[in-house]
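Presented below is the structure to which this report refers.
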Amino acid sequence: MNSAPGNPPRTVRKPRVADGSMRFGIFWPYHRSPVPSQLLLQRNPSALDLDAHIALARSVEAAGVDFALIADGYARGSDAASEVEFQDPRTHAVLWPLPIFMNTRTLGVISTIHTSYVHPTQTARFSGYLDYLSGGRWGWNIVNGFRDEEAGLFGVKQKIVGETFYDFADEYLGVVEQLWKGERFAHHGQWFDVEGVLSGPHPGGRPLLVSASVSPRGQRFAATHCDYLFTVVIGEDSWPKLRADLAAHADEAGRERPPEVIVIGDLLVREKPGEARAEYDLIMSTRHEAAQKIWSAAKSKIHRGNEKQAEPLELVGTTREVADTILRLRERVGLSGVMFRMPLWHASEGERIGPVLDILEREGVWTRPEHRGFSW
Numbered sequence: 001m002n003s004a005p006g007n008p009p010r011t012v013r014k015p016r017v018a019d020g021s022m023r024f025g026i027f028w029p030y031h032r033s034p035v036p037s038q039l040l041l042q043r044n045p046s047a048l049d050l051d052a053h054i055a056l057a058r059s060v061e062a063a064g065v066d067f068a069l070i071a072d073g074y075a076r077g078s079d080a081a082s083e084v085e086f087q088d089p090r091t092h093a094v095l096w097p098l099p100i101f102m103n104t105r106t107l108g109v110i111s112t113i114h115t116s117y118v119h120p121t122q123t124a125r126f127s128g129y130l131d132y133l134s135g136g137r138w139g140w141n142i143v144n145g146f147r148d149e150e151a152g153l154f155g156v157k158q159k160i161v162g163e164t165f166y167d168f169a170d171e172y173l174g175v176v177e178q179l180w181k182g183e184r185f186a187h188h189g190q191w192f193d194v195e196g197v198l199s200g201p202h203p204g205g206r207p208l209l210v211s212a213s214v215s216p217r218g219q220r221f222a223a224t225h226c227d228y229l230f231t232v233v234i235g236e237d238s239w240p241k242l243r244a245d246l247a248a249h250a251d252e253a254g255r256e257r258p259p260e261v262i263v264i265g266d267l268l269v270r271e272k273p274g275e276a277r278a279e280y281d282l283i284m285s286t287r288h289e290a291a292q293k294i295w296s297a298a299k300s301k302i303h304r305g306n307e308k309q310a311e312p313l314e315l316v317g318t319t320r321e322v323a324d325t326i327l328r329l330r331e332r333v334g335l336s337g338v339m340f341r342m343p344l345w346h347a348s349e350g351e352r353i354g355p356v357l358d359i360l361e362r363e364g365v366w367t368r369p370e371h372r373g374f375s376w
């Protein structure tokens, strides 16, 4: 939305620019805590505390964070998980960005929308409004969906499985992109029959598209369509292959460049040496045993039995220690960016990001958003 003539814009459209500068985001707190923890039940705000979300959004925007990604799901977690408000209640990835957009000016928000459960016409419609209401600060995290409990809520009797999931997603995204044009078209494909003209508003430009996948087929999907690929894989032995595979897939798809790889990392910063590590270890030691067991089994299914691969990078320490860890990975593997997962997510925790980014700016690996047009 535009401001009145003569006034500065209330919001800033975010272009996608590949300029070599690192990008940083927040894995947004979409439920009480990122792990099922008795301690975090007491220390974190409720997932539905709107004031806490707005305060966090303002603090991370001021620090220089580029985006927030809101995950989503429809079915509640296990009974054990609900005891510590893990996955229940949770924010809605399409609706929750609206108050964040209304209370920030440059922060991007990426919504998770499942191809398995939401018709492409609905996704195209949501996209147009979120792009319009944010002034061009919205992106889409393309997720297929994997939980049997969610399939049951939608009456899906036979889920698409394996590599076919991404064939389905290819067609789904193609329909959405046609609908975004606001022109009459007809599509008769393997899974969808769609024809007509979608009413506006339509996105003012192609929204940022992101995905996360560990499978070769999922990575090919990301390389063909997406701007970012999110991953927890950071092993120096696997990084060159991941980059080479993405580049090859992007070239095959006729894209100028592959998606940037953004690593997910737990962030806890304290000023005294050892303080953050002690606090982080305490948090992890208070995980609800039964809930953690069920959640670990779900992650193991996604990562094909290699649960360790699903553990995020630990950015735990003093401001200097956290910055040095990022700088080391930047030098060794060419790290493009990090999406911070925050075990504690009060606004004061978001404020601790700023000094880390200040160091990265001085080291020449990060440029402040205002100096690069607030680009993604």
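Take the sequence shown: its letters are residues 1 to 376, numbered as in UniProt numbering.
Idealized CB from N, CA, C, for every residue including glycine.
Sequence-distant residues of its chain with Cβ nearer than 8 Å to residue 372 (five each side left out): Cβ neighbours of residue 372 beyond the five flanking positions: 17, 19, 21.
Close beta carbons around residue 128, own chain, < 8 Å, minus the five adjacent residues each side: Only 180, 198, 200, 201, 202, 203 meet the Cβ criterion.
Any 3 or more C-beta pairs closer than 8 Å across the region 142 to 152 and the region 70 to 78: Result yes; three or more Cβ-Cβ pairs closer than 8 Å.
Counted within 10 angstroms of its Cβ, other Cβ atoms place residue 122 as buried (16 or more) or exposed: Around the beta carbon of residue 122, fewer than 16 other beta carbons sit within 10 angstroms, so the residue counts as exposed.
Residue 365 versus 171, 52, 327, residue with shortest Cα-Cα distance: With respect to the C-alpha of residue 365, the residue from 171, 52, 327 having the closest C-alpha is 327.
Backbone CA spacing between residue 217 and residue 166 [nearest angstrom]: Looking at the two C-alpha atoms, the distance is approximately 7 Å.
Collapsed DSSP secondary structure at residue 143 in the structure displayed: Assigned with DSSP and collapsed to three states, residue 143 falls in strand.
Residue from 171, 144, 173 whose Cα sits closest to the Cα of residue 160: Selected option, being the one with the closest Cα: 144.
CB of residue 106 within 8 Å of CB of residue 12, strictly: Between residue 106 and residue 12, the gap from beta carbon to beta carbon is short of 8 Å.
Length-filtered (4 minimum) alpha helix (DSSP H) runs lying within the region 75 to 144: As far as the region 75 to 144 is concerned, its whole alpha helix (DSSP H) runs of at least 4 residues are 79 to 83, 97 to 102, 120 to 134.
Beta-carbon proximity check, residue 40 vs residue 141, cutoff 8 Å: Contact: no.
For residue 353, the first and last residue of its enclosing alpha helix (DSSP H): Looking at the DSSP string, the run of the alpha helix (DSSP H) that includes residue 353 is 353 to 362.
Alpha-carbon to alpha-carbon, residue 262 and residue 369: Each residue's alpha carbon lies about 17 Å from the other.
Nearest-angstrom beta carbon gap, residue 36 and residue 287 [assumed within contact, 8 Å]: Confirmed, about 6 Å.
Other residues of its chain near residue 212: CB distance less than 6 Å, five sequence neighbours each side excluded: If we look at residue 212 and ignore the five residues flanking it on each side, its Cβ neighbours are 230.
For residue 326: DSSP bridge partner residues: Residue pairing of residue 326 in beta bridges, as defined by DSSP: absent, with no partner found.
Reduced DSSP category for residue 224 - H, G, I as helix; E, B as strand; rest coil: Residue 224 falls in the helix class under three-state DSSP.
Of the listed residues 356, 315, 362, 376, nearest to residue 63 (C-alpha basis): Per the Cα distances, 356.
Integer-rounded CB distance, given that residue 318 should sit under 8 Å from residue 270: Indeed, because the Cβ distance is near 7 Å, the residues count as touching under 8 Å.
Close Cβ partners of residue 88 (< 8 Å) along its chain, the five nearest in sequence each way excluded: By the criterion of a C-beta distance shorter than 8 Å, residue 88 is surrounded in its chain by 31, 76, 77, 81, 82, once the five residues flanking it on both sides are discounted.
Boundaries (first-last residue) of the alpha helix (DSSP H) holding residue 22: Careful: residue 22 lies outside any alpha helix (DSSP H) and carries neither H nor E.
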